[in-house]
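What follows is a short report on a single structure.
Residue numbers (this note's numbering): 660 to 834.
So, in structure tokens, the structure goes:
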């Protein structure tokens, strides 16, 4: 494990900035096909995992249980390109810990806005309703739903303002 930067831990695993882990991304994507069931998209994520800023959550044995890939389009914005958590680690705080580590690192680098794109609410997929709720509970605000991914795949852009203290702006749950 080559983790650097801000570390988040719960005693069972640790979330850190890491080396590229495309094989782990492929393995984790395969555990959650209801979110990642498009072969072309999965191939893009695996390829992106070779070059994008990589954050991992690893268990006590060093096995990767979650990965987040980050894009830095501008000095003041960081975009979550992909977050995938293996099925066995769902609901254990893995995604939250990776996000907290990324936010702390982003603030330290002067980033003021964190962005994520996900399937929009005009699509009936219940899994992505859960995904949107995950981000909303962590302070992300829906900004715009677009047809960036095509008419049948609405893209919701969500943003989270970051504060210099390292704590992102919290908002009440959005129903």
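Ideal placement from N, C-alpha and C gives every residue a C-beta, glycine not left out.
Keep in mind it's a predicted model, so treat the numbers as computed, not measured.
For residue i, which of the options has the nearest alpha-carbon?
i: residue 694; options: 797, 714, 765 and 749; result: 749
i: residue 735; options: 711, 762, 758 and 770; result: 770
i: residue 700; options: 808, 823, 815 and 821; result: 808
i: residue 817; options: 811, 686, 676 and 793; result: 793
i: residue 801; options: 775, 737 and 704; result: 775
i: residue 773; options: 781, 783, 760 and 721; result: 760
i: residue 762; options: 687, 797 and 791; result: 797
i: residue 720; options: 820, 673 and 812; result: 673
Residue i and residue j look like a contact to me (Cβ under 8 angstroms); what is the Cβ gap, rounded to whole Å?
i: residue 727; j: residue 679; result: Not really, about 13 angstroms apart at Cβ, beyond 8 angstroms.
i: residue 730; j: residue 711; result: 6 angstroms
i: residue 814; j: residue 786; result: Actually they are not in contact, since the Cβ atoms of residue 814 and residue 786 sit about 16 angstroms apart, beyond 8 angstroms.
What did DSSP end up calling residue i once you bin it into helix, strand or coil?
i: residue 770; result: coil
i: residue 802; result: strand
i: residue 825; result: Confidence is the limiting factor: at residue 825 the pLDDT is only 42, short of 50, which leaves the residue's position unreliable and the question unanswerable from this model.
i: residue 763; result: helix
i: residue 748; result: helix
i: residue 831; result: At residue 831, the pLDDT of 41 sits below 50, so the modelled position is not reliable and the matter cannot be decided from this model.
i: residue 758; result: helix
Can you tell me where the alpha helix (DSSP H) with residue i in it begins and where it stops?
i: residue 740; result: Careful: residue 740 lies outside any alpha helix (DSSP H), inside the beta strand (DSSP E) at 736 to 744.
i: residue 788; result: 785 to 796
Quick check for students: name the residue ranges of the beta strand (DSSP E) that lie wholly in the segment 679 to 731, counting only runs of 3 or more.
712 to 718
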